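See below for the structure under consideration.
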């Protein structure tokens, strides 16, 4: 388990400046809100300083001079300022939270928009869990960095400055002598909080270790019991749990040190104020009320200082999340990844409906330069409207063909043509509208059956959806089971069978009407009833379309115009079922292995 | 374990008292330091008053110096006592949380699969992480602030009354409202925060679907549409977050304003007393500081109560778990030496909550050294049977006998030493391949030994091709193995146990026929050749040479016999044989 959670160990490489740079464009969209929030901070700082001054005045002017009116006025002013202060305080917290939420909305929007442009490799390399973490946890943490880090530090900084100004205005000499030791305390606190930062990071690591240990033990509880590991794993858990506890204790002890350090600083300042101020007061060079005000100001120095130090450390720990968010936004998109310029669509493809002829011209392909070739010298033409069954064992390169036809990966220049146009010259969105794919296990979104067929696309009318369902025979199935198109499907279609998921995918294709169809036939066991419906539906969706079918069922293969036998990335045989059977070559010998499973 | 269960009873009765008792040293010390802290904290404004009055009266410098020194000493004492209570009190609740966490884990690892079918792992995880943390908060922070609040009130109020009873009641009259307000606000925050989290979970779900369904989205050029859809949920989440912000932002201002009203009232009422000389300016300043001090206890009481309630609710959830006894208790006292026979008599099993039984009247017996096959369509009860034989599910008493002893009377550890099951789903742990292979062994085997078994399941070369070979880490951050590779590893893991009785639950389906033949050949020639085996399979080649084959259908035994017998006797078997190309 040594490099468990290695992700959390990465030290952030971005600082406040880059963070600000990243966030500013979003804040800029709501300048009104932004400045209102800043304004409330200024009011807050000002009002907070007026209060001690007012008490000082009340003592000197009111009590000192026995002026009842002045005292009363001071009391009323105090009340008014308090009300303003309360409002400013509320406004500051609320406005910044609101601004933060807005900024996060924009960031999430950008993330999702960008995510959808990323090449399919990105999704193959990164587990879904990690991607979702970027979108939810990391953006939330970024939000916290914004509202509790950047904003809090900014606010407390302004407050601190206002306090210093107020003190200096009373007496420069007094302020300097009171705060003479401040740098030492700030330095000590800074050191302690640096340690806390490291401890907190370690504690987080230990916690995630603990969490994954628990998750793993619960998921694999059967194996643990069967293989007599219960006792040993309990001991191991206990060990990890105690390590976490000890890390927590370390942080508690450091925090316990931080607070008293600040207390001590407080003690020094106030004692200093009392002593020097008291001496000055006794001399008569400082009015008593002013001294009281000064002490009150001095007492307020601690809080912002402590908050700044604390938040600064927390903020450091969360920076990695922020960094990861910005990194995702910097990932290269599909278009940026392909070498060929795609911005100018070929007129022929853009303006006219395609016929659907597919031509492979000496196509060879490897996923990465250090990996072996998956397709070798493929040359073949599928005439428009014809169907081609592709047969081959796992790893023969079948799925690579699909990936290339939809430009999920880039085929070498001028090796793959649709209606004689090199595929790299057709922009992806246009190409994908022409080439429809039904995957083996088609993805079902949470939502109604209708939404799963139309995908929520407004161009697909309700009538089209119904028509599509009727054609693939899904309507009958729904009616027999007393359900309708508005039946709700759970995540990944957990509440329907594999066969039904297939039918939905078929209906989807029919609703979208692509000119070219690629079908990866399901190998999964489907009950015999759905099997029959799907067979019929397959015929329906391939009707009149150029179809490439990765076939597993004999009946499907027999129905195709051409059969291509692929082996280790190479074409072994091409022909009709009859021809190939008679030839007694690859298809005859190995066909059985690829079919039905 | 009678004393253990009594301890558990005590914990369930009153977790606060239980953990205070368990950590009485640190709790007591923490409390003493807290008391000292509060005492010092309560008295320093009095010194402040002294000092100010000294200044007002133009007292000599040494007097001021003396007071300043006293003041400093007091504040330094405060720093020490603060350190003390934080450390000791922290120890008490951190250790308590660790104890509770272990109890939950201990309990969970006792439970059988039935329990996990009923309780999603996500929820159990939340129990051990979030609920334990909430209990810790209740034990720690909530108790702390409650005590703190009470102690401070008990110290400060008398001082205030002693200074000026009339000022006290006039400035304090509104204060009792603060705990109510705080409780109300916190309650509101909790509700809204919960709603916010629900919205966030919803949004994560949408994001998850975008990542998982990216191929469909790209294929159908639905990027813009999905973004719009995502934004709807994103906006909903934002609105919920803003609703939390509305109440979240109230908290601090309310506390502040509470202090302010007290001070304003003081300014109005103190005037006359000061003009008349009944009170000094020092008293006024000190009194103002005391008003400030009183706001915290009031807030603390509101806060502490809310937090404690939350922790109590969490503890109730944990108790609910601890109260569920395992359906496969390890109460057996018998031990078996060498596996001799397995007898299944009229075994029926119905899953809890299921409408019908999954197994009906199963009877068969296996003698040591026999090879037995089990075949049958999906859902015929094969896995259920194997789980029952390994006591993962509770079989009715005396329906499964090992060496003539009823399975529930055999110590589980001893049972698993004699019977090893390789489950259907290949589950491996995020540890090295070496560790995974020797997972069930109490003594670490030699490297050579591990390689030999890996060789047998035809995976050694593949492992050695990995950059770190047998030391490669598995799991999310380690190497990714294919399903077939994982399955072969789990077979090797099972074989390595060298148990007298080996059961394979459809594990061979992941290896090709050649490897399978090789494994079977190796098993026959090794010193394990007398191993009793029970093999569940789809491929008849895995079972055709077995001494007896059990054909299960719809939870019943359709037939038992040899390959040859069954082809004529069992329609299910015959059909399977036909499909797989056996002459029938």
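Chains as they are written, first to last, in this note's numbering: chain A, 5 to 601; chain B, -14 to 569.
Even for Gly, the Cβ is constructed at its ideal location relative to N, Cα and C.
Just so you know, these numbers come straight off a predicted model, no measurement behind them.
- Look at residue 568 of chain B here: in three-state DSSP terms it is coil, with no helix or strand label.
- Assigned with DSSP and collapsed to three states, residue 524 of chain A falls in strand.
- Chain A has no Cβ within less than 8 angstroms of the Cβ of residue 318 of chain B.
- By the criterion of a C-beta distance shorter than 7 angstroms, residue 4 of chain B is surrounded in its chain by 81 and 124, once the five residues flanking it on both sides are discounted.
- Look at the segment 247 to 261 of chain A: the residues with a C-beta under 7 angstroms from a C-beta of chain B are 249, 252, 253, 256, 257, 259, 260 and 261.
- Annotation: the continuous alpha helix (DSSP H) that includes residue 237 of chain A extends over 234 to 276.
- Contact annotation: residue 290 of chain A and residue 284 of chain A have beta-carbon atoms nearer than 8 angstroms.
- The residues 181 and 182, in chain order, have a CB closer than 7 angstroms to that of residue 276 of chain A in the same chain once the five nearest residues on each side in sequence are set aside.
- Close to chain B, meaning a Cβ-Cβ distance shorter than 8 angstroms, are the following residues of the segment 217 to 231 of chain A: 218, 219, 220, 221, 222, 223, 224, 225, 226, 227, 228, 229, 230 and 231.
- In this structure, DSSP gives residue 297 of chain A a helical state, which the three-state scheme calls helix.
- Interface flag for residue 421 of chain A against chain B is unset, since no Cβ pair is found closer than 8 angstroms.
- With respect to the C-alpha of residue 506 of chain B, the residue from B:540, B:530 and B:230 having the closest C-alpha is B:530.
- When C-beta atoms of the segment 342 to 362 of chain B are compared with those of the segment 507 to 522 of chain B, three or more pairs fall below 8 angstroms, so the two segments count as touching.
- Put simply, the segment 307 to 316 of chain A does not touch the segment 63 to 80 of chain A. Fewer than three CB pairs are less than 8 angstroms apart.
- For residue 256 of chain B, the nearest beta carbon of chain A is closer than 8 angstroms to its own beta carbon.
- Closest option to residue 504 of chain B, judged by alpha-carbon separation, among B:476, B:483 and B:484: B:476.
- Residues of chain A with a Cβ closer than 9 angstroms to the Cβ of residue 37 of chain B are, in chain order, 278, 282, 285, 292, 295, 296 and 299.
- By the CB criterion at 8 angstroms, residue 203 of chain A and residue 251 of chain A fall inside the cutoff.
- Shown here for residue 101 of chain A: same chain residues with a beta carbon closer than 8 angstroms to its own, the five before and five after excluded, namely 151 in chain order.
- Taking 8 angstroms as the cut-off, the Cβ atoms of residue 516 of chain A and residue 214 of chain B do not count as close.
- Here the segment 323 to 330 of chain B lies against the segment 348 to 356 of chain B, with 3 or more beta-carbon pairs under 8 angstroms apart.
- Within the segment 487 to 508 of chain B, no residue has a Cβ lying closer than 9 angstroms to any Cβ of chain A.
- Residues of chain B with a Cβ closer than 8 angstroms to the Cβ of residue 446 of chain A are, in chain order, 201.
- For residue 98 of chain A, the C-beta contacts it makes with chain B under 7 angstroms involve 230, 231 and 234, in order along the chain.
- For residue 52 of chain A, there is no enclosing beta strand (DSSP E); the residue is found in the alpha helix (DSSP H) stretching over 35 to 61.
- Against residue 516 of chain A, the close residues of chain B are 205, in the order they occur along the chain (beta-carbon pairs closer than 8 angstroms).
- A distance below 8 angstroms between beta-carbons, with the five flanking residues on each side excluded, links residue 563 of chain B to the following residues of its chain, in chain order: 569.
- Between the alpha carbons of residue 574 of chain A and residue 362 of chain A lies a distance of about 18 angstroms.
- When the beta-carbon positions are compared, residue 252 of chain B and residue 298 of chain A stay at least 8 angstroms from each other.
- Residue 70 of chain B is positioned such that its CB atom lies closer than 8 angstroms to that of residue 18 of chain B.
- Residue-level contact by beta carbon fails for residue 157 of chain B and chain A, as no gap is shorter than 8 angstroms.
- Taking residue 295 of chain A as the centre and dropping the five residues before and after it, the same chain places the C-beta of 281 and 285 closer than 6 angstroms to its C-beta, in chain order.
- Per the coordinates, the alpha-carbon of residue 324 of chain B lies some 10 angstroms from the alpha-carbon of residue 402 of chain B.
- For the pair residue 436 of chain B and residue 213 of chain A, the Cα-to-Cα distance works out to about 29 angstroms.
- In this chain, the alpha helix (DSSP H) harbouring residue 111 of chain B covers 106 to 111.
- DSSP lists A:384 and A:420 as the beta-bridge partner residues of residue 364 of chain A.
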